[in-house]
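Here the protein sequences come in this chain order: A, B, C and D.
Heads up: the first sequence is residues 0 to 343, going by numbering that gives the first Met the number 0.
Heads up: the second sequence is residues 0 to 343, going by numbering that gives the first Met the number 0.
Heads up: the third sequence is residues 0 to 329, going by numbering that gives the first Met the number 0.
Heads up: the fourth sequence is residues 0 to 329, going by numbering that gives the first Met the number 0.
Ideal Cβ positions, reconstructed from N, Cα and C, are used throughout, including at glycine.
Below is one structure, written out as structure tokens; comments come after it.
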Amino acid sequence: MSDTATATDTAAKKPARPTVTILAALNKAHFDAMAEDPKIISLGEDLADPEGGGVVGVTRGLSAKFGDDRVRSTPIAEQAIIGAAIGASLVGYKPIAEIMLMNFTAVAMDMIVNHAAKLRFMSGGQTSVPMVIRTMTGTGFGSGGQHCDYLEAWFAHTAGIKVVAPSTPEDAYGLLRSAIDDPDPVIFIENLPTYFAPVSFELPDSSHRVPLGKAAIQREGTDVTLISYARIAGEARQAAEKAAENGISVEMIDLRTIAPWDRETVLASAAKTSRVVIAHEAVKEYGVGAEIAAVISEELFGKLKKPVKRLGGAFSAVPYSKPLETAFAPDAERILAAIVEIAG
Amino acid sequence: MSDTATATDTAAKKPARPTVTILAALNKAHFDAMAEDPKIISLGEDLADPEGGGVVGVTRGLSAKFGDDRVRSTPIAEQAIIGAAIGASLVGYKPIAEIMLMNFTAVAMDMIVNHAAKLRFMSGGQTSVPMVIRTMTGTGFGSGGQHCDYLEAWFAHTAGIKVVAPSTPEDAYGLLRSAIDDPDPVIFIENLPTYFAPVSFELPDSSHRVPLGKAAIQREGTDVTLISYARIAGEARQAAEKAAENGISVEMIDLRTIAPWDRETVLASAAKTSRVVIAHEAVKEYGVGAEIAAVISEELFGKLKKPVKRLGGAFSAVPYSKPLETAFAPDAERILAAIVEIAG
Amino acid sequence: MAFQGYEPDNQTLLDIYKRAALLKANDERARKVILSGQIAMVYYSYRGQEIIPSALSAALRDDDYVCTIYRGIHDMLAKGFPLRPLWAELAGRVTGSCKGKGGPMHLTYPPKGIMVTTGIVGSAAPIANGLAWAAQLDKNDRVSVCNFGDGASNIGAVHEAMNLASVWKLPTIFICQNNLYAEHTTFEKMTGGENIANRAAAYGMPGFRVNGNDPAEMYAAAAQAIARARAGEGPTLLECMTFRFFGHSFGDDDSKYIPKEQKAKAMENDPVPAFRAKLIADRVATEEELAKIEADIEGQIDDAVNFALESAWPTPDDLRFDVFEKEIAA
Amino acid sequence: MAFQGYEPDNQTLLDIYKRAALLKANDERARKVILSGQIAMVYYSYRGQEIIPSALSAALRDDDYVCTIYRGIHDMLAKGFPLRPLWAELAGRVTGSCKGKGGPMHLTYPPKGIMVTTGIVGSAAPIANGLAWAAQLDKNDRVSVCNFGDGASNIGAVHEAMNLASVWKLPTIFICQNNLYAEHTTFEKMTGGENIANRAAAYGMPGFRVNGNDPAEMYAAAAQAIARARAGEGPTLLECMTFRFFGHSFGDDDSKYIPKEQKAKAMENDPVPAFRAKLIADRVATEEELAKIEADIEGQIDDAVNFALESAWPTPDDLRFDVFEKEIAA
Ligand SMILES: Cc1ncc(C[n+]2csc(CCOP(=O)(O)OP(=O)(O)O)c2C)c(N)n1
Ligand SMILES: Cc1ncc(C[n+]2csc(CCOP(=O)(O)OP(=O)(O)O)c2C)c(N)n1
Ligand SMILES: [Mg+2]
Ligand SMILES: [Mg+2]
């Protein structure tokens with residue numbers, strides 16, 4: 000987890016065929032944004048360069064370039080981190096606060112939902128909280144019950160905060176830039192197992208944006224609509240490919256923004272295919288898929304050929320042991336099975 | 000909020016026609032449970048008698064009766080409160096921890112979801128956390144954005160913890176006793192505006208239980224299934240009565256337990272009426288209604304006459320000003336309108 | 000004496016009194032308005048605690064930041080929150096500073112640096128640091144004041160914030176208004192250690208317990224802390240001893256948990272009339288001058304209450320605005 | 000000297016050494032097993048910190064409670080966690096103490112009082128108080144030990160827990176293992192105040208900074224704190240100075256953030272061999288006796304690793320169990 004490219008490295012090397020990772024895209028998004036706007040500041044545990052530029056290196060090189068004032072490592076104190084970001088954002092700064100892992104938002108929940116999400120409303124619009132909370136999660140490394148939760152449904156249920164989760168380098172760059180531009184607080188969810196895979200040729204340039212609230216149709220299709228986001232979007236892409244081999248044409252949608260989610264794109268696709276599978280890593284019950292399934296079932300009442308099928312994490316804490324961890328979240332195989340079932 | 004009956008008062012007075020409130024029922028449930036089982040202990044801010052026996056008096060008289068060791072007022076430190084309850088529960092105690100208002104669970108979220116809900120699983124069943132977290136919420140008193148949230152969907156999305164919300168004195172008593180009996184952690188949600196209404200004649204006796212996970216059909220009907228819980232169940236009962244006057248026969252279900260919810264009762268009713276309205280005070284989007292609507296739409300696919308209709312709180316923080324606060328949550332009138340719409 | 004060199008002069012004392020008199024009169028009016036039924040609200044009276052923010056604010060600039068709590072209208076008025084938008088907000092009207100959306104527990108008025116009022120105990124502290132961080136980055140020598148109670152001192156957010164402020168040498172002034180009770184719980188029953196001021200040392204910052212009801216001492220302590228913060232030397236914790244006269248929330252029968260003698264003694268030493276008498280005795284002002292100030296205040300409050308009660312209510316459609324910058328679709 | 004009357008006798012010193020030798024050998028084996036690819040896990044080596052729990056546990060009873068963190072296998076082994084269920088859990092097998100569900104970050108073994116291992120920094124502290132509260136109610140004079148790091152000292156939960164423990168006079172022993180780093184951040188960069196021990200005074204409890212690498216001092220300090228707790232006199236905070244030799248998580252290149260000389264000096268003073276040499280020099284034990292102890296330990300570890308690697312894996316169906324007492328329907 001330590002040899003990751005920084006924007007400066009990457010720029011300096013300019014190889015003919017750069018391989019781009021989500022990590023590099025996020026790193027460049029920070030560099031580009033901070034270079035353009037001196038009001039962007041950044042804080043979090045081990046975030047600055049003397050501490051390694053972040054545990055996986057997303058913020059590597061930033062403090063060296065933009066100084067210790069704007070880029071700060073903090074004590075282990077998530078309430079203090081989010082609070083500092085809120086305060087600075089109230090008076091003109093645009094903080095990017097990192098909460099190392101999504102489970103640790105649980106210790107800062109009051110700051111996030113009672114304050115960041117509500118101050119604009121409670122002040123009658125006198126103040127606003129244009130901050131980004133970056134955080135990471137993800138199974139696959141055996142880190143067990145307290146390091147892999149997907150809590151996006153909590154934030155999506157909270158008025159006043161937006162929720163974003165990219166699954167490709169382009170989206171990671173474009174969504175992070177849009178989140179930073181946004182006048183309201185945004186939770187930006189990164190995924191440990193997706194950081195490192197080189198999946199495209201060029202780093203987006205500094206004008207690249209992916210609008211919040213717009214899903215991506217990552218593959219067009221006519222038989223089944225498959226909705227996902229974050230790491231599971233990768234599994235979904237594989238499942239869609241395999242389905243094609245079986246003669247099922249899948250329209251694969253990556254939500255990208257979970258709140259507000261892109262009803263228009265999703266409903267148009269579901270209306271076209273009339274069969275829908277939703278898959279995410281978070282626990283299925285009361286998860287993101289529930290809202291989307293409820294809306295699709297309501298809006299396309301009588302028009303679906305099959306009930307909306309939801310896949311999600313098992314109803315348990317994330318387990319440690321490899322076979323259990325693998326069984327916990329939906330994978331390409333199980334998604335494919337759902338596609339086949341619903342297409343039948 | 001201070002002249003509430005304690006179990007001892009009530010017992011002493013024995014009036015011919017006692018009026019029973021949720022408050023009195025909860026108070027008696029504490030007395031009965033603590034008298035039966037010395038392992039039940041209780042803690043929270045202002046909980047003991049020198050501090051008034053709880054802000055609304057739910058725990059009034061307990062410390063006088065059961066002693067300062069078993070019934071403790073605490074510093075303002077919700078993590079310390081839940082942590083102490085968890086620790087004691089790991090070694091044979093059955094703590095009832097009060098978090099004064101549901102919004103304050105946000106400062107103890109880590110203790111609740113990363114620890115209380117997960118320790119049984121993460122220890123492979125070696126330890127367990129048989130505790131109850133009582134908390135209160137509710138609009139109607141102009142307390143604004145940070146005192147009235149309904150966060151039950153968060154907890155329902157968390158494997159390992161149960162979620163209960165009574166709407167009548169009998170259920171309040173019976174559910175609290177069952178929650179205390181339960182071998183796993185339970186969030187018990189009380190509602191400020193519902194504490195004081197006298198709605199039944201006798202306090203339940205000490206053997207009374209309402210099983211967790213069982214909904215109550217509070218009114219039978221054939222045309223529309225109306226699902227609700229907590230304060231809004233009261234609004235729903237009114238709406239159901241008014242609907243009857245309009246010739247619509249409503250089956251009104253009070254979920255009582257939100258996680259695990261009673262799929263059997265709900266699905267049987269929905270299958271019978273084929274029209275469903277769900278109403279709660281929590282924000283509609285990504286709320287409890289989403290899961291229930293998703294499951295009903297899936298299980299009764301092709302059998303419903305109308306799409307499931309969801310009503311919930313506005314997508315905003317809870318506002319202060321009276322007309323806004325009134326507009327925030329669904330009331331009998333809006334529920335009735337939904338019933339009429341769906342019955343049409 | 001501690002805080003040497005920061006003693007208030009006579010003009011400053013008079014300034015402090017003007018604020019304190021406004022605070023006292025406004026609290027009295029609020030309780031009257033509630034009892035009369037003109038405005039229904041949950042109200043946390045600060046009567047008895049007026050000197051703390053009056054003296055503090057006399058040492059602050061308009062552009063300094065303040066964060067406070069549900070029991071914080073005194074902090075806001077002392078800092079310059081204008082009466083009309085304040086009263087209109089209490090009354091839940093569109094003309095309120097928060098358009099009726101926030102209410103008494105979330106009053107906000109950025110033009111006077113009143114940035115956050117929270118109903119979550121202790122939560123202002125981490126946010127106050129953020130304002131202080133902005134001031135540090137802006138190099139504008141503003142300070143950020145965080146008000147909280149004795150009870151709040153025991154919650155995690157306050158600890159995290161004090162440590163961060165110390166490590167980052169932020170210009171945050173932590174003002175613990177110690178009124179000896181948190182709701183109905185006594186200071187002794189919830190506090191490890193003898194006082195709150197000593198906790199500052201644990202974080203390597205200065206901390207003082209001061210008589211929050213003594214205008215001169217309170218002013219000097221605040222002025223010294225502010226000077227230190229402006230000079231870039233970092234945060235200070237002041238534990239300001241005081242008492243609240245009307246229980247936790249107005250209507251609460253505090254005779255059930257406050258010993259009669261304790262309350263009687265505190266009310267005997269009501270700091271505002273005592274200060275008034277001293278100003279006259281010390282010839283800082285005459286009885287007539289002070290009476291004139293007080294009469295003016297009553298007039299301003301009359302005006303504000305009338306303005307509030309005559310203002311329009313918000314409409315349900317307003318719920319779609321101010322959730323995000325962009326309105327929520329209807 | 001501080002902690003007078005609590006000095007360890009020779010037999011106790013030998014007991015401490017046995018534990019320390021086990022800890023050191025087990026850590027060495029864990030790193031070897033990971034490098035060999037036999038077990039894949041995120042591993043937080045405690046090498047260098049062995050003396051703290053070894054001395055502490057020599058002063059504890061089996062029925063005392065311990066809570067610890069991801070970097071806590073030393074705390075558990077010293078307290079008596081048996082090797083087979085430990086290694087099987089590390090290997091993710093059904094025979095593991097947590098049936099493979101918890102893993103290295105959530106090891107639990109109630110028969111030896113090892114009640115909670117948390118991956119959330121600071122979160123063991125409030126829970127340790129609950130165990131202490133139970134002991135207080137049970138009047139069984141057990142104590143509850145809470146281990147945490149220097150970095151964890153700055154999070155809210157630890158503050159709330161220390162205050163509550165002091166107010167309730169709980170038999171909680173707060174053991175801050177100060178290895179001078181939190182992940183890659185230095186102690187100085189994150190800590191307001193000079194040390195952690197002084198924070199105890201803020202809560203009205205005793206606090207001491209001790210040399211956690213010195214078996215005699217560590218033992219005496221722990222024994223005194225434990226005696227105090229058993230006597231119902233309340234909590235103590237011990238800040239135990241130490242160093243970790245293999246970075247934050249194993250594999251982490253700590254040369255990027257730890258000055259070379261600092262690490263070299265710490266490793267030169269490796270406390271386990273130093274202790275070993277001293278035992279021989281002081282004639283507490285002979286070289287042969289110690290070699291025999293160490294050889295036995297290696298044999299036990301061999302056995303446990305084999306047991307683990309030969310054990311069965313859990314199956315997906317196991318996810319339905321231990322969420323609640325009642326299984327989740329298939
Ligand atoms: C996190 C949290 N817990 C509990 C409460 C409920 N509560 C409101 S005020 C209060 C007492 C606070 O006491 P103190 O800090 O001394 O301030 P004071 O009211 O005396 O000004 C409590 C417990 C809250 N608002 N927030
Ligand atoms: C609440 C929380 N925030 C952040 C982390 C990530 N994290 C894991 S270990 C660690 C450093 C802890 O340092 P310290 O307390 O000194 O213990 P050590 O690792 O040195 O033993 C951090 C920041 C976490 N686990 N929990
Ligand atoms: Mg107080
Ligand atoms: Mg450390």
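Just to check my reading of the structure: F306 of chain D and R83 of chain D have Cβ atoms closer than 8 Å, yes? What is that Cβ distance to the nearest angstrom? 5 Å
Contacting positions in the stretch 297-329 of chain C - beta carbon closer than 7 Å to chain B: W312, P313, T314, P315, D317, L318, V322, I327
When you compare the CB of E232 of chain C with every CB in chain D, is at least one pair closer than 8 Å? no
For S152 of chain D, would you say it is in contact with chain B, using Cβ-to-Cβ distances shorter than 8 Å as the test? Not one chain B Cβ lies under 8 Å of S152 of chain D.
Those runs of the beta strand (DSSP E) which lie wholly inside the stretch 178-251 of chain C and span at least 3 residues: 206-210, 235-240
What are the residues that DSSP puts in a beta bridge with E189 of chain B? B:M135
Out of D:A329, D:A328, D:V322, point me to the one whose CA is closest to K161 of chain B's CA. D:V322
Whole-angstrom C-beta distance between A83 of chain A and W132 of chain C, which should lie under 8 Å: 6 Å
Enclosing beta strand (DSSP E) for P94 of chain A [first to last residue]: Judged by DSSP secondary structure, P94 of chain A falls within the beta strand (DSSP E) whose first and last residues are 93-98.
Say yes only if the C-beta of R208 of chain D is nearer than 7 Å to one or more non-hydrogen atoms of ligand 2, and no if none qualify. no
Exposed or buried, what is K117 of chain A when buried is set at 16 or more other beta-carbons lying within 10 Å of its beta-carbon? buried
Please go through the same chain and pick out, in chain order, the residues whose beta-carbon is closer than 7 Å to the beta-carbon of N102 of chain B, but skip the five residues on each side of it. Q145, H146, D148
Beta-carbon separation (whole angstroms), F173 of chain C vs D149 of chain C, contact threshold 8 Å: Not confirmed; about 12 Å, so no contact.
Using a threshold of 7 Å, is the CB atom of V57 of chain A nearer than that to any non-hydrogen atom of ligand 2? no
Tell me which residues share the same chain as L175 of chain B and place their Cβ nearer than 7 Å to its Cβ, disregarding the 5 neighbours each side in the sequence. L25, A28, F187
By how many angstroms is the C-alpha of R70 of chain D removed from the C-alpha of A273 of chain D? A273 of chain D and R70 of chain D: Cα-Cα distance of roughly 22 Å.
Can you tell which of C:P110, C:G192, C:A181 has the C-alpha that lies nearest to the C-alpha of K78 of chain C? C:P110
In terms of alpha-carbon separation, which member of D:A284, D:T314, D:A329, D:K255 lies closest to R59 of chain A? D:K255
Could you tell me whether any Cβ in chain B is nearer than 8 Å to the Cβ of L283 of chain C? The identity of residue 283 of chain C in the sequence shown is Val, whereas the question assumes Leu. Output row for V283 of chain C: interface = no.
Rounding to the nearest angstrom, what Cα-Cα distance links M40 of chain D and W86 of chain D in this structure? 12 Å
Ignore the nearest five residues each way along the sequence and tell me which others in L289 of chain C's own chain have a CB closer than 8 Å to its CB. Listed in chain order, the non-local C-beta contacts of L289 of chain C below 8 Å within the same chain comprise Y16, A20, R275, L278, I279, local neighbours out to five positions each way being set aside.
K100 of chain C at chain B interface by Cβ criterion, 8 Å: yes
Just by C-beta distance, which residues in the stretch 321-336 of chain B are closer than 9 Å to chain D? none
Flag Q78 of chain A as yes if its beta-carbon sits less than 8 Å from any beta-carbon of chain F, otherwise no. No chain F appears in the structure shown, which is made up of the protein chains A, B, C and D.
If I226 of chain A and I257 of chain A are in contact, beta carbons under 8 Å, what's the gap, nearest whole angstrom? Actually they are not in contact, since the Cβ atoms of I226 of chain A and I257 of chain A sit about 11 Å apart, beyond 8 Å.
Mind checking who T116 of chain D pairs with in its DSSP beta bridge? D:T67
Assigned exposure category for G343 of chain A - 16 Cβ within 10 Å defines buried: Looking at its Cβ environment, which holds fewer than 16 other Cβ atoms inside 10 Å, G343 of chain A is exposed.
Below-8 Å beta-carbon distance, G129 of chain C vs any chain A residue: Contact of G129 of chain C with chain A is assigned, a C-beta pair being separated by under 8 Å.
For the 8 Å Cβ check, are there 3 or more pairs between the stretch 134-142 of chain B and the stretch 104-115 of chain A? No, because fewer than three Cβ pairs between the stretch 134-142 of chain B and the stretch 104-115 of chain A fall closer than 8 Å, the two stretches do not touch.
Minimum Cβ-Cβ distance from F314 of chain B to chain C less than 8 Å: Chain C places a beta carbon closer than 8 Å to that of F314 of chain B, counting this residue as a contact.
Quiz: which residues have CB nearer than 6 Å to ligand 4 non-hydrogen atoms: D:G148, D:D149, D:G150, D:N178, D:Y180, D:A181
With DSSP run on the structure shown, which of helix, strand or coil describes R275 of chain D? helix
Cβ of E280 of chain B less than 8 Å from any chain A Cβ? no
Using the beta-carbon count (16 or more within 10 Å), is K283 of chain B buried or exposed? buried
So, does the CB of T5 of chain B fall closer than 8 Å to a CB anywhere in chain C? Bear in mind that the predicted position of T5 of chain B carries a pLDDT of just 43, short of 50, making it unreliable; the figure below should be weighed with that in mind. For T5 of chain B, the answer is no, since every Cβ of chain C falls outside 8 Å of its Cβ.
Coil, strand or helix - D253 of chain B by DSSP: Strand, per DSSP.
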